[in-house]
Amino acid sequence: MEAVRSQRKSSVSNGVVTTLPLYRSAPLLEVRLEDFELYAIDRLRVLKGISDGLSRGKKPDEMEKLVLDLWKTNMRHQHSSEVVNKDIISHFVLRLVYCRTEELRRWFLSMETTLFRYRFRDEAPEVQRALMAEFDLPYKSVSNAEYESVKDKLNQVARAIGQSTTTDAIFYKVPFEEVPELVAGRRVFIQKGNAYIAMNQVVSLVITQFRSHLSKALVLTNRKWTSMIREQEKDRLAPIIEALSTSYLGPDYSQPREHAEISLKDIDQIAKSSFPLCMRHLFEKLREDHHLKHGGRMQLGLFLKGVGLKLDDALAFWRAEFSRKVGAERFDKEYAYGIRHNYGKEGKRTDYTPYSCQKIISSAPGVGDHHGCPYRHFSEENLRAALTRMGVGNRPLEDVIDKVRNRHYQLACTLTFEAVHGSSCDAGVNHPNQYYNDSQRILESQTTKEVLGVSRGYGDWWWNEEVQGKVKANKAAYVKLVESKDEEEKRTNREGRVRVEEVEEAMHRMNREERSGQTKSR
1 MEAVRSQRKS
11 SVSNGVVTTL
21 PLYRSAPLLE
31 VRLEDFELYA
41 IDRLRVLKGI
51 SDGLSRGKKP
61 DEMEKLVLDL
71 WKTNMRHQHS
81 SEVVNKDIIS
91 HFVLRLVYCR
101 TEELRRWFLS
111 METTLFRYRF
121 RDEAPEVQRA
131 LMAEFDLPYK
141 SVSNAEYESV
151 KDKLNQVARA
161 IGQSTTTDAI
171 FYKVPFEEVP
181 ELVAGRRVFI
191 QKGNAYIAMN
201 QVVSLVITQF
211 RSHLSKALVL
221 TNRKWTSMIR
231 EQEKDRLAPI
241 IEALSTSYLG
251 PDYSQPREHA
261 EISLKDIDQI
271 AKSSFPLCMR
281 HLFEKLREDH
291 HLKHGGRMQL
301 GLFLKGVGLK
311 LDDALAFWRA
321 EFSRKVGAER
331 FDKEYAYGIR
341 HNYGKEGKRT
351 DYTPYSCQKI
361 ISSAPGVGDH
371 HGCPYRHFSE
381 ENLRAALTRM
391 GVGNRPLEDV
401 IDKVRNRHYQ
411 LACTLTFEAV
421 HGSSCDAGVN
431 HPNQYYNDSQ
441 RILESQTTKE
451 VLGVSRGYGD
461 WWWNEEVQGK
471 VKANKAAYVK
481 LVESKDEEEK
491 RTNREGRVRV
501 EEVEEAMHRM
511 NREERSGQTK
521 SR
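So this is what it looks like as structure tokens:
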């Protein structure tokens, strides 16, 4: 079924048209079920990108560029006439998704407010005034006479915050409590309980109204969800709604990357060098206790599958540990089926996907459980000890703890990765298998450079089992790798020589011209 025209395609005030909705009421729309989910996922990419930018401490101008780029990238539609529909539908779908707990509401409110702020700032002044009119704000611009009486004070404030002063600027007089962020930042002139805000500051006034309305709307949506919608839509929309808040939006890690396999003889060393803390903790507890509860087996087992542990090796790995606690016979009866099931060899033969960070963070480990996210579920003392064992130094450790205190768990994991590997991770960590893959790429790159440096200078290609183990390739692939590196160096040298020759020729030409000019002057 095609999406029908929305209740409101645009805002119109005094002849000005804008496509920035205020989301005051749910639209009268019919939408295909697949679009219902896809639109929400696209908007969720925007909100999660905003969350990552904020947690990384980006400056306002950096955030503005980030938000607008995220919006343009993710909220496009093949039919331009449907862009506003997609905007409205996706907002109200995610309102259902994030109304269900206080923590979800708080996150959604913060991200949507930030999104609206930068979209509003990107609008032209006449559009901003039209949007202000839609909020039915009772505030009028300051008259010329009143402006003249406070002009000097307004100019002082403008200079103090580094803004230019113009005689034709429009100011609004509003109760100071309506613009708390301007008051807190000492960026506004206040007189007799009223704040005088310039046109370029009205975003603070509008944002206060937007946030207040959305906060109340989320509470009302939660009541409708729990009292009526969840039961009515339990077989159709409810599963989608409940999955979206923990959905993973990145690459598929159900299969290992090409040529990536791990063997049982290497697994302890790889766990130490490339497992994220959540998986390293489970691995160590399994080695220590020779047992994990169901949640831990699922989290670690699917991760190991994703990094390249074959089914036969997985069965051998888990049997070796569990048999020390429950015996081999009981393992084969009670636990082997679950491992084969994870690999799609039993039951519905579904190829299960390794857990994402979001799913792990949202889990609720109980007493005796070891799964979940250490950055969220560990005490600070235990987290410090675990990070120290990973080799995180004092200064980066404090940075990690600071992010944990502010509940930026994935960014804390990203900082851990950077501290352990001495390399930046600009994309952030969104999946344990991404952490592993990125770690392996860094380590393989370092090893390849080391081996290439040793191998050159020999008459024939230097090759033995040690080299094969390090570069994880056969001799033919290794030779090809070395040759490609050699060719790359030759190409770089050729390009460098060409640039040098060009510079020398330019200098000779300048000298000839200079001598020619001197001859003419004589």
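Counting along the sequence shown from 1, when you hit position 382 you're at 382 in UniProt numbering, and nothing is skipped either side. Each residue gets a CB set at the ideal place from its N, CA and C atoms; glycine is no exception.
Please classify alanine 169: does DSSP put it in a helix, a strand, or coil?
Here residue 169 corresponds to residue number 169 of the sequence shown, with the count starting at 1. It is coil, neither helix nor strand.
Check valine 150 in the structure and name its three-state DSSP category.
Counting from one through the sequence shown, the residue named residue 150 turns up at place 150. The answer is helix: DSSP assigns valine 150 an H, G or I state.
Who are the near neighbours of glycine 295 in its chain, counting only those whose CB is closer than 6 Å to its CB and skipping five residues on each side?
Within the sequence shown, the letter at position 295 stands for residue 295. Hits under 6 Å: Asp369 and His371.
Mark threonine 18 as exposed unless 16 or more other C-beta atoms lie within 10 angstroms of its C-beta, in which case mark it buried.
Against the sequence shown, residue 18 aligns to sequence position 18. By the 10 Å Cβ count, threonine 18 comes out buried.
From the DSSP secondary-structure annotation, give me the bridge partner or partners of glutamine 191.
Here residue 191 is taken as the residue at index 191 of the sequence shown, counted from 1. Note: glutamine 191 sits in a beta bridge opposite Asn194.
Closer than 6 Å by C-beta to arginine 187: which residues in its own chain qualify, once you throw out the five before and the five after it? Chain order, please.
Walking along the sequence shown from the start, residue 187 turns up at place 187. Only Ile161 meet the Cβ criterion.
Could you pull out every residue in the same chain whose Cβ sits closer than 6 Å to the Cβ of threonine 221, ignoring the five residues on either side in sequence?
The residue labelled residue 221 in the question sits at position 221 within the sequence shown. If we look at threonine 221 and ignore the five residues flanking it on each side, its Cβ neighbours are Arg95 and Cys99.
Does the structure place the stretch 342 to 362 close enough to the stretch 428 to 438 that three or more beta carbon pairs sit under 8 Å?
yes
Three or more C-beta pairs below 8 Å linking the stretch 105 to 117 and the stretch 50 to 57:
yes
Are phenylalanine 271 and valine 307 close, meaning C-beta to C-beta below 8 Å?
As a first step, residue 271 must be located in the sequence shown, where it is residue number 271. As a first step, residue 307 must be located in the sequence shown, where it is residue number 307. Reading off the sequence shown, one finds alanine at residue 271, where the question assumed phenylalanine. Going by C-beta atoms, alanine 271 is not nearer than 8 Å to valine 307.
Straight-line CA distance for isoleucine 190 to tyrosine 436?
Within the sequence shown, the letter at position 190 stands for residue 190. Within the sequence shown, the letter at position 436 stands for residue 436. Using only the alpha carbons, I get a separation of about 54 Å.
Which residues bound the alpha helix (DSSP H) around leucine 20?
Position 20 of the sequence shown, counted from the first residue, corresponds to residue 20. Neither: leucine 20 is in no alpha helix (DSSP H) and is coded neither H nor E.
Exposed unless 16 or more other CB atoms sit within 10 angstroms - verdict on proline 374
Counted from its first residue, the sequence shown places residue 374 at position 374. By the 10 Å Cβ count, proline 374 comes out buried.
Coil, strand or helix - valine 392 by DSSP
Stepping through the sequence shown from its first residue, residue 392 is reached at position 392. DSSP places valine 392 in coil when its eight states are reduced to three.
Phenylalanine 92 to valine 150 span [Cα, whole Å]
As a first step, residue 92 must be located in the sequence shown, where it is residue number 92. As a first step, residue 150 must be located in the sequence shown, where it is residue number 150. Roughly 43 Å separates the two Cα atoms.
Considering only the alpha carbon of each residue, which of Arg119, Asn155 and His79 lies closest to glutamate 70?
The count along the sequence shown starts at 1 and reaches residue 70 at position 70. According to the sequence provided, residue 70 is leucine. The question's glutamate does not apply to it. Nearest option by C-alpha distance: Arg119.
Per DSSP, the bridge partner or partners of aspartate 307
Working through the sequence shown from its first residue, we reach residue 307 at position 307. Rather than aspartate, the amino acid found at residue 307 in this sequence is valine. None; valine 307 has no bridge partner.
When burial is assigned at 16 or more other CB atoms within 10 Å of the CB, is asparagine 382 buried or exposed?
Position 382 of the sequence shown, counted from the start, is the residue given in the question as residue 382. Asparagine 382 is exposed by the Cβ-count criterion.
State yes or no: is the C-beta of serine 204 within less than 8 Å of the C-beta of glutamate 231?
Position 204 of the sequence shown, counted from the first residue, corresponds to residue 204. Position 231 of the sequence shown, counted from the first residue, corresponds to residue 231. Not in contact: serine 204 and glutamate 231 (Cβ atoms no closer than 8 Å).
Below 8 Å, how does it come out for the stretch 275 to 293 and the stretch 379 to 393: are there three or more Cβ pairs, yes or no?
yes
I need the straight-line Cα distance from glycine 344 to aspartate 235, nearest angstrom please.
Looking up residue 344 in the sequence shown gives position 344. Looking up residue 235 in the sequence shown gives position 235. Near 25 Å, if we compare the C-alpha coordinates of aspartate 235 and glycine 344.
Are glutamate 103 and leucine 22 touching if we call contact CB-CB under 8 Å?
On the sequence shown, residue 103 is found 103 positions in, with the first residue counted as 1. On the sequence shown, residue 22 is found 22 positions in, with the first residue counted as 1. Not closer than 8 Å, so no.
I need the DSSP call for valine 174, collapsed to helix, strand or coil.
Indexing the sequence shown from 1 puts residue 174 at position 174. It is a strand residue.
Identity of the residues DSSP links to serine 141 by a beta bridge:
What you label residue 141 is simply residue 141 of the sequence shown in a count that begins at 1. According to DSSP, which records beta bridges pairwise, serine 141 is partnered with Tyr172.
Along the chain, where does the alpha helix (DSSP H) containing leucine 38 start, and where does it finish?
For the purposes of this step, residue 38 is identified with residue 38 of the sequence shown, where counting begins at 1. Taken as a continuous stretch (DSSP letters only), the alpha helix (DSSP H) holding leucine 38 covers 33 to 55.
Per-residue burial, residue 529 [other beta carbons within 10 Å of its own, 16 or more giving buried]
In the structure as shown, the chain starts at 1 and stops at 522, and residue 529 therefore has no counterpart that could be examined.
The stretch 167 to 177 / the stretch 138 to 148 touching (three or more Cβ pairs under 8 Å)
yes
When you compare the stretch 310 to 330 with the stretch 389 to 400, are there three or more beta-carbon pairs, one atom per stretch, that lie closer than 8 Å?
no
Give me the residue from Ile267, Phe417, Ile339 and Asn85 with the minimum Cα distance to leucine 20.
Numbered from its first residue, the sequence shown carries residue 20 at position 20. Nearest C-alpha to leucine 20: Asn85.
Pick helix, strand or coil for phenylalanine 317, following the three-state DSSP scheme.
In the sequence shown, counting from the first residue as 1, residue 317 sits at position 317. Helix at phenylalanine 317.
In terms of residues, what are the limits of the alpha helix (DSSP H) holding cysteine 357?
Locating residue 357 in the sequence shown gives position 357, where the first residue counts as 1. Counting along the chain, the alpha helix (DSSP H) containing cysteine 357 begins and ends at 357 to 362.
Where threonine 73 falls, given that 16 or more other Cβ within 10 Å makes a residue buried
Against the sequence shown, residue 73 aligns to sequence position 73. It counts as exposed.
Look at the alpha carbon of aspartate 312 and the alpha carbon of arginine 407, and state the distance between them as a whole number of angstroms.
Sequence index remark: in the sequence shown, residue 312 carries index 312 (1-based). Sequence index remark: in the sequence shown, residue 407 carries index 407 (1-based). About 39 Å.
Comparing C-alpha positions only, which one of Ile442, Asp402, Lys333 and Ile89 sits nearest to leucine 38?
Position 38 of the sequence shown, counted from the start, is the residue given in the question as residue 38. If we check each option's Cα against that of leucine 38, Ile89 comes out closest.
Looking only at its own chain, which residues have a Cβ that is under 6 Å from the Cβ of lysine 285, when we skip the five neighbours before and after it?
Taking the first residue of the sequence shown as 1, we reach residue 285 at position 285. So the list reads His370, once near-sequence residues are dropped.
Cβ of asparagine 194 within 8 Å of Cβ of phenylalanine 176?
Taking the first residue of the sequence shown as position 1, residue 194 is located at position 194. Taking the first residue of the sequence shown as position 1, residue 176 is located at position 176. Their beta carbons are under 8 Å apart, which means asparagine 194 touches phenylalanine 176 by this criterion.
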